[in-house]
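**Q** Okay, handing you the structure first.
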Amino acid sequence: MLVELNNVSKRYAMGDVWVDALKEITLSLDKGEFLAVKGPSGSGKSTLLNILSALDQCDSGTVQVGGVNVGALGEHKRSRFRNRHIGIVFQSFNLIPVLTALENVMYPLTLRGVKDAKPRALQALKDVGLEKQVNQRPTQLSGGQMQRVAIARAIVTRPDIVLADEPTANLDSKTSENIMALIQKLNKEQGVTFVISTHDNYVTSLASRVITILDGKLVGDSLAKNRQANK
Ligand code: ADP
Ligand code: ADP
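So, in structure tokens, the structure goes:
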């Protein structure tokens, strides 16, 4: 099992009241899955992704990713864990504006001291269909192209899991469909594991599995029945 969450709960203080962002979430995920996390705004999707990426820690329960007990890591080790195991794709792309597409994708490899950073980054840009844009800067690219660069940057390190919090929220519907088709292709052809939060029914229609979160609770799992039957 790549990911195992056991009874994970998380609350936030809002002044003097507490908000339960996640309530006793138990969930496991295999390598190679393409999981869509569905639910209305405020239901806990971002919190779940932030806990999976160790950006945030849960209050109770356990989180294991790739055999690492993420909850037990200190600040420094959590950031190392993220660098080694997690790729993140943001709504707003978060590219570095002064760097070209190629330099943006090389960046996480350069940080790690990888020697063949350039050929690997070129290959990742090819995988997302941007071989012609490698020397362009973000301002010269469309929204869809910027998100492709961000996806290339997330997969180039060969992470165990790529997390994307509403990756199509800032894109028009046609571009969103193209981006989701790309994510589905990377999942099927390269076996990249994706966890994607979304409001969008098109996204959930492409995913291999859909979970639904409502008020911090896991209320639906399209694979739950199969899992039970396999036990
Ligand atoms: P979603 O991603 O589904 O919109 P979130 O995970 O962002 O949901 O939020 C779940 C709940 O937790 C919401 O009520 C939200 O306001 C609250 N919340 C999330 N992050 C924080 C935070 N850092 N501080 C206080 N409350 C938060
Ligand atoms: P989404 O678009 O997924 O619903 P939000 O815009 O609700 O995300 O939240 C974006 C970020 O802000 C998340 O990382 C979330 O944890 C944090 N956040 C959400 N609600 C609050 C809040 N009430 N107070 C502080 N931070 C929040």
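Take the sequence shown: its position 155, counting from 1, is numbered 155 in UniProt numbering, and each next residue is one higher.
Idealized CB from N, CA, C, for every residue including glycine.
Nothing here was measured: the structure is a model prediction, and the numbers come from that model.
1. Does the beta-carbon of residue 233 have 16 or more other beta-carbons within 10 angstroms, so that it is buried, or is it exposed?
2. Is T100 a contact residue of ligand 1, with contact defined as CB to any heavy atom under 6 Å?
3. How far does the alpha helix (DSSP H) with L171 in it reach, from first residue to last?
4. Excluding five sequence neighbours on each side, which residues of the same chain lie with their C-beta closer than 8 Å to the C-beta of L214?
5. Can you give the Cα-Cα distance for N7 and L48, rounded to whole angstroms?
6. Using the three-state DSSP reduction, which class does M14 fall into: helix, strand or coil?
7. Give every residue whose Cβ lies closer than 5 Å to any heavy atom of ligand 1, listed in chain order.
8. Would you call the segment 161-173 and the segment 102-121 in contact, with 3 or more CB pairs under 8 Å?
9. Check K103 in the structure and name its three-state DSSP category.
10. Would DSSP call I51 helix, strand or coil?
11. What would DSSP say about L95, mapped onto helix, strand or coil?
12. Is A110 helix, strand or coil by DSSP?
13. Ignore the nearest five residues each way along the sequence and tell me which others in V192's own chain have a CB closer than 7 Å to its CB.
14. Classify R78: buried if its beta carbon has 16 or more other beta carbons within 10 angstroms, exposed otherwise.
15. Report all residues from its chain with a CB closer than 6 Å to the CB of Q184; omit the five preceding and five following residues, and keep chain order.
16. Starting from the C-beta of L27, find all residues in its chain whose C-beta is less than 6 Å away, skip the five residues before and the five after it, and write them out in chain order.
17. Can you find at least 3 beta carbon pairs, one from the segment 86-98 and one from the segment 137-154, that sit closer than 8 Å?
18. Let's test the definition: count the other Cβ atoms within 10 Å of the Cβ of Q147 and tell me whether it reaches 16, buried, or not, exposed.
19. State buried or exposed for H85, treating a residue as buried only when at least 16 other CB atoms are found within 10 Å of its CB.
20. For N170 and Q91, what's the separation of their Cα atoms in angstroms?
**A** On the basis of the data shown:
1. Here the chain covers residues 1 to 231 and nothing more, so residue 233 does not appear.
2. Position 100 of the sequence shown, counting from 1, holds the residue named residue 100. T100 Cβ: outside cutoff for every heavy atom of ligand 1.
3. Within the sequence shown, numbered from 1, the residue matching residue 171 stands at position 171. Counting along the chain, L171 falls outside any alpha helix (DSSP H), and DSSP gives it neither H nor E.
4. Translated into the one-based positions of the sequence shown, residue 214 becomes position 214. Cβ neighbours of L214 beyond the five flanking positions: G39, P40, S43.
5. Mapped onto the sequence shown, residue 7 falls at position 7. Mapped onto the sequence shown, residue 48 falls at position 48. When rounded, the distance between both Cα atoms is 12 Å.
6. The count along the sequence shown starts at 1 and reaches residue 14 at position 14. Strand.
7. Y12, V19, A21, S41, G42, S43, G44, K45, S46, T47
8. no
9. Translated into the one-based positions of the sequence shown, residue 103 becomes position 103. Here the sequence assigns Glu to residue 103, which means Lys is not the residue at that position. Helix, per DSSP.
10. Translated into the one-based positions of the sequence shown, residue 51 becomes position 51. Note: I51 maps to helix in three-state DSSP.
11. What you label residue 95 is simply residue 95 of the sequence shown in a count that begins at 1. Correct three-state label for L95: coil.
12. Walking along the sequence shown from the start, residue 110 turns up at place 110. One detail in the question is off: residue 110 reads as Thr in this sequence, not Ala. T110 falls in the helix class under three-state DSSP.
13. In the sequence shown, the residue the question calls residue 192 occupies position 192. Answer for V192: I155, V162, L186, listed in chain order.
14. Within the sequence shown, numbered from 1, the residue matching residue 78 stands at position 78. Looking at its Cβ environment, which holds 16 or more other Cβ atoms inside 10 Å, R78 is buried.
15. Locating residue 184 in the sequence shown gives position 184, where the first residue counts as 1. Result list for Q184: L206, in chain order.
16. Taking the first residue of the sequence shown as 1, we reach residue 27 at position 27. Contacts found: L5.
17. yes
18. Along the sequence shown, read from residue 1 onward, the residue named residue 147 stands at position 147. Per the 10 Å Cβ criterion, buried.
19. Walking along the sequence shown from the start, residue 85 turns up at place 85. H85 comes out buried.
20. As a working note, residue 170 is residue 170 in the sequence shown. As a working note, residue 91 is residue 91 in the sequence shown. In a straight line, the C-alpha of N170 is about 6 Å away from that of Q91.
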